[in-house]
Amino acid sequence: KEKQTKGLLNVSSTVHQRMVLQQKKVLSQFELQQQIRLESLKQKLLGLHQLETELENQLKEAEQDFVRELAALARVPMVVKKKPSKRNKPAGEKTNSKIKTFQSPELDDKDNSHESVQEPPGLTSGLRRERLHSPHEGETEPRRNSKDEKKKRQQVVKAFQ
1 KEKQTKGLLN VSSTVHQRMV LQQKKVLSQF ELQQQIRLES LKQKLLGLHQ
51 LETELENQLK EAEQDFVREL AALARVPMVV KKKPSKRNKP AGEKTNSKIK
101 TFQSPELDDK DNSHESVQEP PGLTSGLRRE RLHSPHEGET EPRRNSKDEK
151 KKRQQVVKAF Q
């Protein structure tokens with residue numbers, strides 16, 4: 001009986017050793033697969049970062065193209081009809097339609113060759129608007145009252161319709 005018990009112990013320890021070796025082998029294969037997977041994910045992440053950078057650059061270029069095109073469209077001539085003003089014109093003088101071109105302030109800085117370029121009515125810059133409404137020292141002309149300003153705004157709106 002002792003021989004059988006020793007034999008069974010030897011067999012069980014051999015089986016146990018084989019199982020431990022098999023576990024170590026499986027764990028090492030698993031770790032290797034995890035390392036490969038980690039490297040693959042790192043490569044994907046790097047690719048995504050490169051793609052993100054490329055897309056950001058394309059977006060910036062598209063924004064710049066859009067702004068350039070918008071600026072070019074802003075310089076399209078438009079017809080503005082001037083209505084006769086009782087204060088400015090003598091009774092016998094006729095009024096003509098004038099063509100004015102609007103140029104964006106950004107382009108004014110780049111190209112000052114369009115000195116006769118004016119903003120369309122109603123689109124005055126904030127700075128100019130402040131100057132129109134702020135009191136000046138030594139002012140000789142009385143300010144327009146709100147009714148005149150309202151009429152002027154209505155005329156501008158009608159001109160663009």
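Just so we're aligned: 96 in UniProt numbering is position 96 of the sequence shown, and the numbers increase by one with no gaps anywhere.
Glycine is no exception: its CB is placed at the ideal position from the N, C-alpha and C atoms.
Buried/exposed call for residue i, threshold 16 Cβ in 10 Å
i, result
"T5", "exposed"
"P105", "Only weak support exists for where P105 lies, its pLDDT of 48 falling under 50; the coordinates are left without a value."
"N96", "The predicted model places N96 with a pLDDT of 49, which falls under 50 and marks its position as unreliable, so this point remains unresolved."
Interface flag, residue i vs chain D, CB-CB below 8 angstroms
i, result
"V26", "Looking at the structure shown, chain D is missing, and only one protein chain is on hand."
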